[in-house]
Amino acid sequence: MLQMHYLNAAIHESLRLYPPVQFDSKFAQEDDILPDGTFVPRGTRATYHQYAMGRMEQVWGPDCLDFKPERWLKKGAFVPENPFKFTVFHAGPRICLGKELALVEMKTVALAIIRGFNTVAEDPDQVPRFIPGFTATVRGGLPVVMQEKERSLKIHHQPTSM
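Note that the UniProt record's numbering has the sequence shown beginning at 1, numbered continuously upward.
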């Protein structure tokens, strides 16, 4: 089976920096105590901000703002992070049921673009404007410049016999 380690790393790195859902909240059904000893009373709303967490130096290191797919590779092989560190798909018993399907869809789209275009780049004349909200949005979309690959058709003509 084809693993596509670098593509997998690039997708995870993109999701770390630009999670589709920027923040999420959970409510404590019962009194609880967090691993650091913090008491959480029943009914407390705990919100975590995945967009900010993906940019935290204490979590991802001094290069946390850099797009660096290599951080997901060990000896050339993709190695996922702990889901409690990389919270894009949540973690624990409530991990996203659609995680694997979403990853397959992203890889499929990426491969279709790679096969069909020589270059794909942000439009240098346009500056993306991020819009804060529940889901990640770029005002006006993300303008890109794409150069389609030339396709040469090979036609094999076989004479018909009469």
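Ideal Cβ placement from N, Cα and C applies to all residues, glycine included.
Inter-residue Cα distance where the pair is residue i and residue j
| i | j | result |
| --- | --- | --- |
| residue 100 | residue 72 | 17 Å |
| residue 115 | residue 126 | 25 Å |
| residue 112 | residue 104 | 12 Å |
| residue 60 | residue 49 | 15 Å |
| residue 56 | residue 151 | 44 Å |
| residue 137 | residue 98 | 20 Å |
| residue 128 | residue 147 | 20 Å |
| residue 145 | residue 110 | 15 Å |
| residue 131 | residue 24 | 17 Å |
| residue 32 | residue 41 | 6 Å |
| residue 142 | residue 122 | 8 Å |
| residue 120 | residue 108 | 16 Å |
| residue 84 | residue 35 | 12 Å |
| residue 43 | residue 91 | 20 Å |
| residue 22 | residue 8 | 21 Å |
| residue 53 | residue 75 | 26 Å |
| residue 69 | residue 6 | 7 Å |
| residue 3 | residue 30 | 42 Å |
| residue 17 | residue 51 | 7 Å |
Cβ-based burial, residue i [other Cβ within 10 Å; buried from 16]
| i | result |
| --- | --- |
| residue 88 | buried |
| residue 45 | exposed |
| residue 77 | exposed |
| residue 15 | buried |
| residue 11 | buried |
| residue 20 | exposed |
| residue 27 | exposed |
| residue 82 | exposed |
| residue 140 | exposed |
| residue 134 | exposed |
| residue 67 | exposed |
| residue 86 | buried |
Proximity test, residue i beta-carbon vs the ligand MG heavy atom, cut-off 8 Å
| i | result |
| --- | --- |
| residue 100 | The ligand MG is absent from the structure shown, which contains no ligand whatsoever. |
Under the three-state DSSP convention, the category residue i falls into
| i | result |
| --- | --- |
| residue 51 | helix |
| residue 99 | helix |
| residue 147 | strand |
| residue 65 | coil |
query = What are the complete beta strand (DSSP E) segments, minimum 3 residues, inside the segment 102–142?
reply = 117–122, 129–131, 137–139
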